[in-house]
Amino acid sequence: MCLCVLCVCVCLACVCVCVCVCVCVCVSEGSYDSGFDFQQGVGTVVIARPLDAEGQSLYNLTVMVTDGTNTANTQVFIRVLDSNDNPPVFSQPTYDISVSEDMPADTELLRVQASDSDERARLSYSVHSSVDPASMRLFRINPGTGVVYSADRLDYEARTQHILTVMV
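Residue numbers for the sequence shown, in mature numbering (1 follows the signal peptide of the UniProt record, and there is no 0): -18 to -1, 1 to 150.
So, in structure tokens, the structure goes:
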């Protein structure tokens, strides 16, 4: 794709002469359909569609400029930086375990796992809520590893089931 981009005004001393020169800017090779375009009338490389660093993070464009007689080429390297645009996903939708009421406090019960396709994503786990608010004090989670521990002794006669919501 070529487009006329430039009119040049040259000022010498106090005499100004404006000359319109049709200069064409083209992507001659590389990632033409890469999501980049040239801004009409300026020749600036612009983003033409949404970019996703997980899909492609490096682009190499060869840009050619011509005035109809002479041409020049240059390389344009574009690196797309990752942003936190993907939500974390747990490895399974629910975790269901059975434990004995006579286990001591601070016993490791299970490890919840999540992943995030964003580069350099740092996941942090927390117990967000519980069906029974009293259950919140009976469990804790390691924010970095997702390991759920008993925070206190459990009493089967007081409650037979604890349902927690873990956030990442």
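Each residue gets a CB set at the ideal place from its N, CA and C atoms; glycine is no exception. Because the structure is a prediction, the values reported are computed rather than measured.
Contact belief for residue 100 with residue 64 at Cβ below 8 Å, rounded distance in angstroms: Taking 8 Å as the upper bound for CB-CB distance, residue 100 and residue 64 are in contact here, some 6 Å apart.
Three-state secondary structure (DSSP) of residue 85: coil
Opposing strand residues paired with residue 96 [DSSP bridges]: 72
Beta carbon of residue 57 nearer than 7 Å to that of residue 44: yes
Cβ pair count under 8 Å reaching 3, the stretch 107 to 117 against the stretch 78 to 86: no
Under 7 Å between C-beta atoms of residue 77 and residue 92: Yes; because the gap between Cβ atoms is below 7 Å, this pair is in contact.
Beta-carbon proximity check, residue 95 vs residue 112, cutoff 7 Å: no
Where residue 54 falls: helix, strand or coil (DSSP): Strand, per DSSP.
Three-state secondary structure (DSSP) of residue 104: coil
Secondary structure of residue 120, DSSP reduced to three states: helix
Residue 29: first and last residue of the uninterrupted beta strand (DSSP E) it sits in: 27 to 29
Of the listed residues 34, 46, 38, nearest to residue 20 (C-alpha basis): Nearest option by C-alpha distance: 46.
Assigned exposure category for residue 168 - 16 Cβ within 10 Å defines buried: Residue numbering for the chain in the displayed model covers -18 to 150; residue 168 lies beyond these limits and cannot be assessed.
Candidates 59, 52, 106, of which the one nearest residue 42 by Cα: When only C-alpha atoms are compared, the closest one is 59.
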